[in-house]
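Take a look at the structure below.
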Amino acid sequence: MADLATYLLTGLGLVFFIAGTVGLVRFPDQFSRLHALTKGDNLGLGFIALGVAFQAESWAQLAMLALIWVLALLAAGTVAQLVARAALTEQDKP
Amino acid sequence: MSVALDITLCALVLGVGWATVAGHGVFRAVIFFITYGLLLAIVWARLGAYDVALAEAAISAGLTGVLLLAAHGRLRRLNASQEVPLHLNLPAAVVAVGIAAGLGWAWFALPAPTAPDLSQALPQSGVGNPVTAVLLNFRAWDTLLESVILLAALLGLWMLARDHAWDKPLGLPYHARPGGVLASFGRVLPPIGLIFGVYLVWAGADTTGGAFQGGTVLAAVCLVTIMAGVLHAPRVEQAAWRAALVLGPGVFVLSGIAGAVFAQGFLALPPALAKPAIVTIEAALTVSIAVTLVLLVIGPPDEGEQDA
Amino acid sequence: MSLTLFALTGAALVGLGVYGLLARPHMLRRIIAFNLIGSGLFLFFGAAAARGTGLDPIPQALIITGIVVALSASALAVGLVVALARSSGTAYLPDEEGRL
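What follows is the structure, given as structure tokens:
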């Protein structure tokens, strides 16, 4: 039962990762690419963390998984903002 | 199943490694190199070398990545990041293939090594993680000299500073928008990162972790706070930072001398005192490693390119 | 099986790094190539160490030492490249630029 949940959720996570990657490759400008990347990958990572959580042996491992996901979200969100701002100033320059 | 995973991993590592060498543009090479380091960390985890995996991810991918990205930015502002068109260099390719083939041949020609049996010695070392036991007890010489190498590299880097920049803060001036995302990230991350770095050092005695991995995490936290404008970059003549640089090697040498006077020889730790001695050395070493890595990455004192 | 795979990957990475070091004259790319050689050798060494009886911690400790030394060498090299670019306006060595 737990294995099935892991398969389903990590599979779903991979779908989001693929969607994010397709967006990164196909979308026309930096902002929509960033949007695809951060939205798709953060959701994908969330599903994968949730799927792996079904394999955890203790509450401590669950807490670590949650911490990893939150830190990745925080870093990805910050970096996306910074890249977008850099792209914006680049756009305004010429 | 696991062989399929390993084949995929190796193909990815080789593909990304190829892209760092063959891809067009320096910036692309830097980005691919960071990805390469992260993939390689997974390979180390597959080999069961978790301490190496942590070091690879934190130092090779993380800090080297920051270093190269910053260097690319500097070169771009100096108009030196452009690259002449690349073409195949046949003699170089022949040499490279020859060396790779020689190494491949060596793999099949080498006899399987026999690992020394540490099960007798490990209980004497004072720690449960064999890698930490090797780094700080059995082969402490290597680690002592390594901490001196870090210091020597930093001195070499500082020699590249221009005279009039000597009393300026280290590295380029950083501009972060006050109240912006980076500034708040620089305030949210340090508490978590500090706990995690110290945990890695402490846990390194018995499980995965250690002074180098923990020190790198602390260095990364410090770099983020400096880049976010929360903490000001230090100056060369600030005594506290200088003291932090030599604390680790200093404590290490003192413990070595104590070993020579009171125990069997230089850097020898008597089993009864091994654990507290290792924890003390590791704590001091972590501070020095973290500070040295930060200063290595932000570079010599500089005031930018207004005169260039 | 997997160990051989990792070792051969390491050997190939050393080859890639050597090619980059010889054929890519931009100094920043040479630093990256130098790191590629280093990590390829570490991988080869790590795989060779894992081939024996059980996991040998001594090569692992040496590899961690090596990774840190590679970073400090890279930092010094980056400092030199920036100093070169500042004084000459290019990240190429003088004789290489003429040849291209």
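The listed protein sequences correspond, in order, to chains X, L and A.
Start counting the first sequence at 1; every next residue gets the next number (the UniProt record's numbering).
Start counting the second sequence at 1; every next residue gets the next number (the UniProt record's numbering).
Start counting the third sequence at 1; every next residue gets the next number (the UniProt record's numbering).
Beta carbons are placed, not taken as given, at the ideal position from N, Cα and C, and that holds for glycine.
Through-space distance from residue j to residue i, alpha-carbon basis
{"i": "ALA84 (chain X)", "j": "GLY48 (chain L)", "result": "39 Å"}
{"i": "LEU90 (chain L)", "j": "ARG24 (chain A)", "result": "12 Å"}
{"i": "GLY179 (chain L)", "j": "ALA219 (chain L)", "result": "23 Å"}
{"i": "GLY20 (chain X)", "j": "GLY256 (chain L)", "result": "54 Å"}
{"i": "ALA100 (chain L)", "j": "GLY40 (chain X)", "result": "39 Å"}
{"i": "ALA277 (chain L)", "j": "PHE266 (chain L)", "result": "14 Å"}
{"i": "VAL66 (chain L)", "j": "LEU71 (chain A)", "result": "11 Å"}
{"i": "ALA29 (chain L)", "j": "LEU12 (chain L)", "result": "15 Å"}
{"i": "TYR36 (chain L)", "j": "ALA260 (chain L)", "result": "44 Å"}
{"i": "PRO300 (chain L)", "j": "ALA283 (chain L)", "result": "26 Å"}
{"i": "GLY10 (chain A)", "j": "PHE44 (chain A)", "result": "5 Å"}
{"i": "ALA109 (chain L)", "j": "ALA7 (chain A)", "result": "13 Å"}
{"i": "MET1 (chain A)", "j": "ASP167 (chain L)", "result": "57 Å"}
{"i": "ALA58 (chain L)", "j": "VAL16 (chain L)", "result": "18 Å"}
{"i": "VAL291 (chain L)", "j": "GLY248 (chain L)", "result": "10 Å"}
{"i": "LEU100 (chain A)", "j": "ILE37 (chain A)", "result": "Note on LEU100 (chain A): pLDDT 48, under 50, position unreliable in the model; no value is reported."}
{"i": "GLY98 (chain A)", "j": "ASN137 (chain L)", "result": "Its pLDDT being 49, under 50, GLY98 (chain A) is placed unreliably in this model, and the value from its coordinates should be taken loosely. Between GLY98 (chain A) and ASN137 (chain L), the C-alpha separation is close to 52 Å."}
{"i": "GLN120 (chain L)", "j": "GLN30 (chain X)", "result": "59 Å"}
{"i": "LEU16 (chain A)", "j": "ALA47 (chain A)", "result": "18 Å"}
{"i": "PHE17 (chain X)", "j": "VAL95 (chain L)", "result": "40 Å"}
{"i": "PRO190 (chain L)", "j": "HIS175 (chain L)", "result": "19 Å"}
{"i": "ALA85 (chain A)", "j": "ALA49 (chain X)", "result": "45 Å"}
{"i": "GLY23 (chain X)", "j": "THR64 (chain L)", "result": "29 Å"}
{"i": "VAL14 (chain A)", "j": "TRP107 (chain L)", "result": "14 Å"}
DSSP bridge partner residues for residue i (one or two, in chain order)
{"i": "ARG235 (chain L)", "result": "L:PRO169"}
Beta carbon proximity, residue i to chain A, threshold 8 Å
{"i": "GLU282 (chain L)", "result": "no"}
{"i": "TRP241 (chain L)", "result": "no"}
{"i": "HIS164 (chain L)", "result": "no"}
{"i": "GLU303 (chain L)", "result": "no"}
{"i": "LEU39 (chain L)", "result": "no"}
{"i": "CYS222 (chain L)", "result": "no"}
{"i": "ASN137 (chain L)", "result": "no"}
DSSP three-state assignment for residue i, whether helix, strand or coil
{"i": "PRO301 (chain L)", "result": "strand"}
{"i": "ASN137 (chain L)", "result": "helix"}
{"i": "THR8 (chain L)", "result": "helix"}
{"i": "GLY46 (chain X)", "result": "helix"}
{"i": "GLN120 (chain L)", "result": "coil"}
{"i": "SER60 (chain L)", "result": "helix"}
{"i": "VAL198 (chain L)", "result": "helix"}
{"i": "ASP307 (chain L)", "result": "Annotation note: pLDDT 44 at ASP307 (chain L) (below 50); position unreliable, coordinate value reported separately. Coil."}
{"i": "TYR36 (chain L)", "result": "helix"}
{"i": "VAL127 (chain L)", "result": "coil"}
{"i": "GLY20 (chain X)", "result": "helix"}
{"i": "ALA219 (chain L)", "result": "helix"}
{"i": "VAL230 (chain L)", "result": "coil"}
{"i": "SER58 (chain X)", "result": "coil"}
{"i": "THR20 (chain L)", "result": "helix"}
{"i": "VAL84 (chain L)", "result": "coil"}
{"i": "PRO276 (chain L)", "result": "helix"}
{"i": "LEU93 (chain A)", "result": "coil"}
{"i": "PRO178 (chain L)", "result": "coil"}
{"i": "GLY156 (chain L)", "result": "helix"}
Exposure label - residue i; buried when at least 16 CB within 10 Å
{"i": "PHE42 (chain A)", "result": "buried"}
{"i": "ARG30 (chain A)", "result": "buried"}
{"i": "HIS232 (chain L)", "result": "exposed"}
{"i": "GLY215 (chain L)", "result": "buried"}
{"i": "ASP302 (chain L)", "result": "buried"}
{"i": "ALA308 (chain L)", "result": "Note that ALA308 (chain L) scores 39 on pLDDT, short of 50, meaning its location in the model is unreliable; the coordinates nonetheless yield the value given after this. It counts as exposed."}
{"i": "THR89 (chain X)", "result": "exposed"}
{"i": "VAL44 (chain L)", "result": "Correcting the residue identity first, residue 44 (chain L) is Trp in this sequence and not Val. Looking at its Cβ environment, which holds 16 or more other Cβ atoms inside 10 Å, TRP44 (chain L) is buried."}
{"i": "ASN79 (chain L)", "result": "exposed"}
{"i": "GLU57 (chain X)", "result": "exposed"}
{"i": "ALA55 (chain L)", "result": "buried"}
{"i": "ARG74 (chain L)", "result": "buried"}
Contact with chain X by residue i, beta-carbon distance below 8 Å
{"i": "ILE192 (chain L)", "result": "yes"}
{"i": "LEU182 (chain L)", "result": "yes"}
{"i": "VAL188 (chain L)", "result": "yes"}
{"i": "PHE262 (chain L)", "result": "no"}
{"i": "PHE185 (chain L)", "result": "yes"}
Chain L within 8 Å of residue i, Cβ atoms only
{"i": "LEU36 (chain A)", "result": "yes"}
{"i": "PHE45 (chain A)", "result": "no"}
{"i": "THR6 (chain X)", "result": "no"}
{"i": "ARG51 (chain A)", "result": "yes"}
{"i": "GLN81 (chain X)", "result": "yes"}
{"i": "PRO94 (chain A)", "result": "no"}
{"i": "LEU37 (chain X)", "result": "no"}
{"i": "LEU88 (chain X)", "result": "no"}
{"i": "ARG30 (chain A)", "result": "no"}
Interface residues of chain B facing residue i [CB-CB closer than 7 Å]
{"i": "PHE252 (chain L)", "result": "Reference to chain B is not applicable here, since the protein chains of this structure are X, L and A."}
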